[in-house]
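In my numbering, the protein residues as written are 70 to 274. Below is one structure; the comments refer to it alone.
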């Protein structure tokens, strides 16, 4: 379990939470771009007609996983304020616990002991609440990770179909390239956040 009397470590963990929240914007932006790309690809596929017949179902898949990613990221964004508040609460309760630990070592009394025990309970409760919130976030990020695995598969499939689209091949190829690029960006952000969450949860145990 984290030595919460270590103020530096507590602040470092608070910064980790802030970085996780900030990283959400990159994921959401890319997910929205994927959704827009699906709409553009559908227009190109319609113009290409029979030459892009195999590409049309792919645009539906792009729409589907981009919407799933947007929904997952939006849920995470809704949780981010709660996460920030829980992290801030842990910082404050940990600092108070640290002060009571010092006071307890300097003064022996029933009142001080009672205040110390109350500070300890408050700190542990805050740590437990933050750990629960992080666990919930972890599940959402793992969902996004699975969605990006689907995106990578679609990018490969769409490249094959793009080669059969005649004059529209380059346009559809650029769609495939963007899907692959966006999926990579999102996966990188998700892997980072999962790593930070894993570190935080390990410290909070």
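By construction, the Cβ of each residue, glycine as well, lies at the ideal position given by its N, Cα and C atoms. Predicted model, so just to flag it, every value in this text is computed and none were measured.
Which value, in whole angstroms, describes the spacing of the CA atoms of residue 240 and residue 262?
33 Å
Tell me which same chain residues have a C-beta within less than 6 Å of the C-beta of residue 188, skipping the five on either side of it?
165, 166 and 169
8 Å contact criterion, which residue 230 and residue 131 should meet: CB distance rounded
That belief does not hold up - the Cβ atoms of residue 230 and residue 131 are roughly 12 Å apart, past 8 Å.
The alpha helix (DSSP H) that contains residue 271, what's its start and end?
Boundaries of the alpha helix (DSSP H) harbouring residue 271: 238 to 273, taken from the DSSP string.
Of the listed residues 82, 218 and 196, nearest to residue 251 (C-alpha basis)
218
Got a sec? Which residues, its chain only, sit under 8 Å from residue 216 by beta carbon, not counting five neighbours each side?
Excluding positions up to five away in sequence, the list reads 134, 137, 138 and 141.
Could you tell me which of 270, 255 and 265 sits nearest to residue 98, measuring between CA atoms?
Of the candidates 270, 255 and 265, the one whose C-alpha sits nearest the C-alpha of residue 98 is 255.
CA-to-CA distance, residue 208 to residue 202, given in whole angstroms:
10 Å
Assigned secondary structure, residue 176 (DSSP; H/G/I helix, E/B strand, else coil):
coil
CA-to-CA distance, residue 247 to residue 103, given in whole angstroms:
Computed Cα separation, rounded: 8 Å.
Beta-carbon contacts of residue 211 that lie in its chain and below 8 Å, excluding the five residues immediately before and after
Only 263 meet the Cβ criterion.
Looking at residue 258 and residue 145, is the spacing between their C-beta atoms short of 8 Å?
no
Looking at C-alpha atoms only, which residue of 101, 153, 111 and 171 is the closest neighbour of residue 83?
153
State the Cα-Cα distance for the pair residue 194 and residue 81, rounded to the nearest angstrom.
19 Å
Helix, strand or coil for residue 110, going by three-state DSSP, please let me know.
DSSP places residue 110 within a helical segment (H, G or I) once states are collapsed to three.
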